[in-house]
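In order, the protein sequences belong to chains H and A.
According to the numbering used here, the first sequence is numbered sequentially starting from 1.
According to the numbering used here, the second sequence is numbered sequentially starting from 1001.
Structure first, then comments.
Protein chains: 2
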Amino acid sequence: MTRLDQQIAFLNEADKLKSVLRATTLADGSRRENSAEHSWHLTLYALVLADQAGPDVDINRVLKMLILHDLVEIDAGDNPIFGNVDVAAMAAQETIAADRIFGLLPEDIAENLRPIWEEFEAAETSTAQFAKALDRFQPPMLNLASGGGSWTEYDVTEDMIAARVGTKIERGAPGLWHYAKARISAFFEQA
Amino acid sequence: MTRLDQQIAFLNEADKLKSVLRATTLADGSRRENSAEHSWHLTLYALVLADQAGPDVDINRVLKMLILHDLVEIDAGDNPIFGNVDVAAMAAQETIAADRIFGLLPEDIAENLRPIWEEFEAAETSTAQFAKALDRFQPPMLNLASGGGSWTEYDVTEDMIAARVGTKIERGAPGLWHYAKARISAFFEQA
Chain H
1 MTRLDQQIAF
11 LNEADKLKSV
21 LRATTLADGS
31 RRENSAEHSW
41 HLTLYALVLA
51 DQAGPDVDIN
61 RVLKMLILHD
71 LVEIDAGDNP
81 IFGNVDVAAM
91 AAQETIAADR
101 IFGLLPEDIA
111 ENLRPIWEEF
121 EAAETSTAQF
131 AKALDRFQPP
141 MLNLASGGGS
151 WTEYDVTEDM
161 IAARVGTKIE
171 RGAPGLWHYA
181 KARISAFFEQ
191 A
Chain A
1001 MTRLDQQIAF
1011 LNEADKLKSV
1021 LRATTLADGS
1031 RRENSAEHSW
1041 HLTLYALVLA
1051 DQAGPDVDIN
1061 RVLKMLILHD
1071 LVEIDAGDNP
1081 IFGNVDVAAM
1091 AAQETIAADR
1101 IFGLLPEDIA
1111 ENLRPIWEEF
1121 EAAETSTAQF
1131 AKALDRFQPP
1141 MLNLASGGGS
1151 WTEYDVTEDM
1161 IAARVGTKIE
1171 RGAPGLWHYA
1181 KARISAFFEQ
1191 A
């Protein structure tokens, strides 16, 4: 196998992310979103909402994180934010998935890309916290657009959103949580 | 409408790219690819195949081009590379689409992002030529994986691929065309 054969084998494997379905629907409610198009949408969020990032945030690295962040779902699946998930078991599964999937790449490329995914997962840097905030901010925007979406399916309350989603948005992008909170409250008042 | 309302209105409109279908199928042949997940896949191509770019190529700008490059298809639709297309009419349609879609953004953001799309379209810089090369390189990789895909549907020959796809891959990423050409030849010999 040549170097390019390895690179293409990885890219063909990554194609499977287009078949991993998330809980959230498209904005028009027509079908569930897949993790590949979700990842694209998030990169566009990063470009358009870059003014919500703090001065320490490296937007180019945010883009790379968002491109890579869901690849492990090819093996580990998507875990809906309001589902009941064993966090430690999920993290262990995702590490095994990362070993296999990044392991398809030539070693130098894997050594370049995997730490970007690890930094996102650890959520300790401002850059990773901003990327995580976008990942939590986009689903409520889609749910508001579609008139409830996965909130209805999972019997989600305003308090559950604040606890599981709001804290992470607020940490990485406080202005976006301020905005989302008001719109979510208005939605639940009318519902 | 606040600034954030405008940003979110743009991002909700962009969601429609997930419903624009391309000629190419997924690698497993299960369904046609949409332009949003295609855009994500291309950004991953850029990260993994960055070693195929010349020294003048700005990979961070390539990522931004690939994120934005198909947004105009929300209004103008996808034009299959082997379909019969009036190139001038298509360019005119895409300009009208760009006016409307980038026009949804706050002016300073539109003034930042639209030139990135214009640079991609003009394909005059090394950065844009590399981004274009990836956009032409990914569909044959999917067709090879799926056993023919859109080549079969459009009665495509090896010469047509060289003329319509090969020239653009070769200009921006000669090593990728060298690789693709050999694999495409082998495919058509066996077919």
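Note that the Cβ used here is the ideal one computed from N, Cα and C, for glycine as well.
Contacting residues, own chain, Cβ-Cβ under 6 Å from residue i (five flanking each side not counted)
i	result
M1090 (chain A)	N1079
A1123 (chain A)	Q1129, K1132
G1172 (chain A)	Q1129, F1130, K1132, A1133
V1072 (chain A)	E1094, A1097, A1098
Cβ of residue i within 7 Å of any chain A Cβ
i	result
E94 (chain H)	no
A48 (chain H)	The identity of residue 48 (chain H) in the sequence shown is Val, whereas the question assumes Ala. So yes, V48 (chain H) belongs to the interface.
W177 (chain H)	no
Buried/exposed call for residue i, threshold 16 Cβ in 10 Å
i	result
N1031 (chain A)	Position check: residue 1031 (chain A) holds Arg in this sequence, whereas Asn was assumed. Classification of R1031 (chain A): exposed, given that the 10 Å Cβ count is below 16.
Q52 (chain H)	buried
E189 (chain H)	exposed
S185 (chain H)	exposed
R65 (chain H)	Rather than Arg, the amino acid found at residue 65 (chain H) in this sequence is Met. Under this definition M65 (chain H) is a buried residue.
R1022 (chain A)	buried
P174 (chain H)	exposed
R136 (chain H)	buried
G103 (chain H)	exposed
T43 (chain H)	buried
Y1045 (chain A)	buried
G1166 (chain A)	buried
D159 (chain H)	exposed
D1005 (chain A)	exposed
V156 (chain H)	buried
T1152 (chain A)	exposed
Whole-angstrom C-beta distance between residue j and residue i, which should lie under 8 Å
i	j	result
E1037 (chain A)	N12 (chain H)	In fact, because the Cβ distance is near 14 Å, the residues do not count as touching under 8 Å.
I116 (chain H)	R61 (chain H)	7 Å
L1105 (chain A)	Q1007 (chain A)	7 Å
I109 (chain H)	P140 (chain H)	Between P140 (chain H) and I109 (chain H) the Cβ distance is about 35 Å, and since that is not below 8 Å, they are no contact.
T1127 (chain A)	V1057 (chain A)	5 Å
Contact list for residue i against chain A, beta-carbon separation under 7 Å
i	result
K64 (chain H)	L1047
I109 (chain H)	V1048
N60 (chain H)	N1060
Chain-ordered neighbours of residue i on chain H, where CB pairs are closer than 7 Å
i	result
H1069 (chain A)	Under the 7 Å cutoff, chain H gives no residues; its nearest Cβ is about 11 Å from H1069 (chain A).
S1039 (chain A)	W40
Partners in chain A for residue i, counting only beta-carbon separations shorter than 9 Å
i	result
N143 (chain H)	By Cβ distance, chain A contributes nothing, its closest Cβ being about 12 Å from N143 (chain H), past 9 Å.
7 Å Cβ cutoff, residue i in contact with chain H
i	result
Q1007 (chain A)	yes
A1182 (chain A)	no
K1132 (chain A)	no
T1043 (chain A)	yes
L1104 (chain A)	no
Contact set between residue i and chain H, taken where Cβ atoms lie within less than 8 Å
i	result
F1010 (chain A)	V48
D1015 (chain A)	L26, A27, D28, H41, L142, A145
A1076 (chain A)	Per Cβ cutoff of 8 Å: no residues; A1076 (chain A) is ~18 Å from chain H at best.
K1239 (chain A)	Nothing about residue 1239 (chain A) can be read from this structure; chain A reaches only from 1001 to 1191.
Cutoff 8 Å; reference residue i; Cβ partners in own chain excluding five residues on either side
i	result
I74 (chain H)	E13, A14, K16, L17, V20, A97, I101
L1144 (chain A)	R1183, I1184, F1187
Y179 (chain H)	none
M1 (chain H)	A9
V85 (chain H)	N79
A191 (chain H)	G148
G77 (chain H)	V20
Proximal chain H residues relative to residue i, where beta-carbon distance stays under 9 Å
i	result
L1021 (chain A)	None at all; the shortest Cβ gap to chain H is about 12 Å.
heavy atom of the ligand SAH below 6 Å from residue i C-beta
i	result
L1011 (chain A)	As for the ligand SAH, it is missing from this structure, which has no ligand bound.
Other residues of its chain near residue i: CB distance less than 7 Å, five sequence neighbours each side excluded
i	result
A27 (chain H)	L142, A145, S146
K1168 (chain A)	K1132, A1133, R1136
E170 (chain H)	W177
T1125 (chain A)	E1119
H1041 (chain A)	Q1138
L63 (chain H)	T43, A46
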